[in-house]
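Data block below; observations after.
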Amino acid sequence: MYSFMPGSTSMQSRVHIDMLFIAMNLREQAGTERAIRTNRWLSARRPVGRPPAAWLACYPVFQDALLGCETRLGALPDFVRRAALERLGGSNYSCVPTSVLDEVRASYLELRSTCVAEEVRRYLSDTEDSLLASHESSDALETLAAGMPRMLVPPVARPPCLLSSGNGMFLGGWARFVAYWCRKDPTIPLLAVDWPILYEHVAPYSLRHLIDDPGFASTG
14 MYSFMPGSTS
24 MQSRVHIDML
34 FIAMNLREQA
44 GTERAIRTNR
54 WLSARRPVGR
64 PPAAWLACYP
74 VFQDALLGCE
84 TRLGALPDFV
94 RRAALERLGG
104 SNYSCVPTSV
114 LDEVRASYLE
124 LRSTCVAEEV
134 RRYLSDTEDS
144 LLASHESSDA
154 LETLAAGMPR
164 MLVPPVARPP
174 CLLSSGNGMF
184 LGGWARFVAY
194 WCRKDPTIPL
204 LAVDWPILYE
214 HVAPYSLRHL
224 IDDPGFASTG
């Protein structure tokens, strides 16, 4: 593969470099696995090496990492599920059983903050925004952080930033991302969800909650 003579110094240097890259790749892969906490979650994950499902193909950003952590929403920790359910609105979704959420595909992981910040900067640089345009000489992420109200986030059981499908970045959780980034957290928690299926499965429980509400019944 290489033109160096066996035993030469150049060949040894190339081998050392290759070993270094392999170690770095293994270390990065291990970092994406930190979010796994339960055997149930581990057993529900999608095997690596398979092509992404249709729903996950809609998430081009971090897709390779998301593919390795694909699972069921019901198998994820409560603080992760809550972040997705709260996005659906103000209804009380505590009555939704885990078996229903097991029908919804999701992918949850923690990526290095520097990696996520790089993608955020790329997204901001491609977005037409008057605030950012007026600060062309400054860092786009710094400008975003300066203009966003500070948000208190827990040091553990951190709510994830909800990834947006398509060409977007975050569907929800911009303030969380800025808070984690400003706090210099080493990783950022991210969550991708099959939203159409989630809406389909949870909507009946939302309607049931409205019907059981005395205030709703009295308006009929």
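Counting in the numbering used here, the sequence shown runs from 14 upward without gaps. Heads up, the beta-carbon is just placed ideally off N, CA and C, and yes, glycines get one too.
C-alpha distance - residue i paired with residue j, whole-angstrom precision
{"i": "A159", "j": "P73", "result": "28 Å"}
{"i": "P172", "j": "D91", "result": "10 Å"}
{"i": "D152", "j": "I201", "result": "20 Å"}
{"i": "D139", "j": "E155", "result": "16 Å"}
{"i": "P60", "j": "L101", "result": "Any reading at P60 must be qualified, since the residue scores a pLDDT of 47, below 50, and its modelled position is unreliable; the value itself is stated next. Rounded to the nearest angstrom, the two C-alpha atoms are 29 Å apart."}
{"i": "R125", "j": "R134", "result": "14 Å"}
{"i": "H214", "j": "W208", "result": "10 Å"}
{"i": "N180", "j": "P110", "result": "32 Å"}
{"i": "R196", "j": "L165", "result": "10 Å"}
{"i": "A188", "j": "R163", "result": "7 Å"}
{"i": "L211", "j": "L175", "result": "14 Å"}
Nearest to residue i (by Cα), restricted to the options the options
{"i": "E123", "options": "P110, R94, P162, A78", "result": "A78"}
{"i": "P168", "options": "L211, P199, E116", "result": "P199"}
{"i": "V117", "options": "L69, G186, C195, S177", "result": "L69"}
{"i": "L80", "options": "K197, M182, I210, L204", "result": "L204"}
{"i": "L184", "options": "L211, R196, V206, V166", "result": "V206"}
{"i": "A96", "options": "S112, A170, M182", "result": "A170"}
Chain C within 8 Å of residue i, Cβ atoms only
{"i": "G160", "result": "Reference to chain C is not applicable here, since this structure consists of a single protein chain."}
Contact check, residue i vs residue j, beta carbons under 8 Å
{"i": "C108", "j": "Y193", "result": "no"}
{"i": "L114", "j": "L157", "result": "no"}
{"i": "C82", "j": "Y121", "result": "yes"}
{"i": "V191", "j": "M161", "result": "yes"}
{"i": "P64", "j": "Q76", "result": "no"}
For residue i: DSSP bridge partner residues
{"i": "R85", "result": "R118"}
{"i": "R100", "result": "According to DSSP, R100 bridges with nothing at all."}
{"i": "F183", "result": "L176"}
{"i": "L204", "result": "Y121, L175"}
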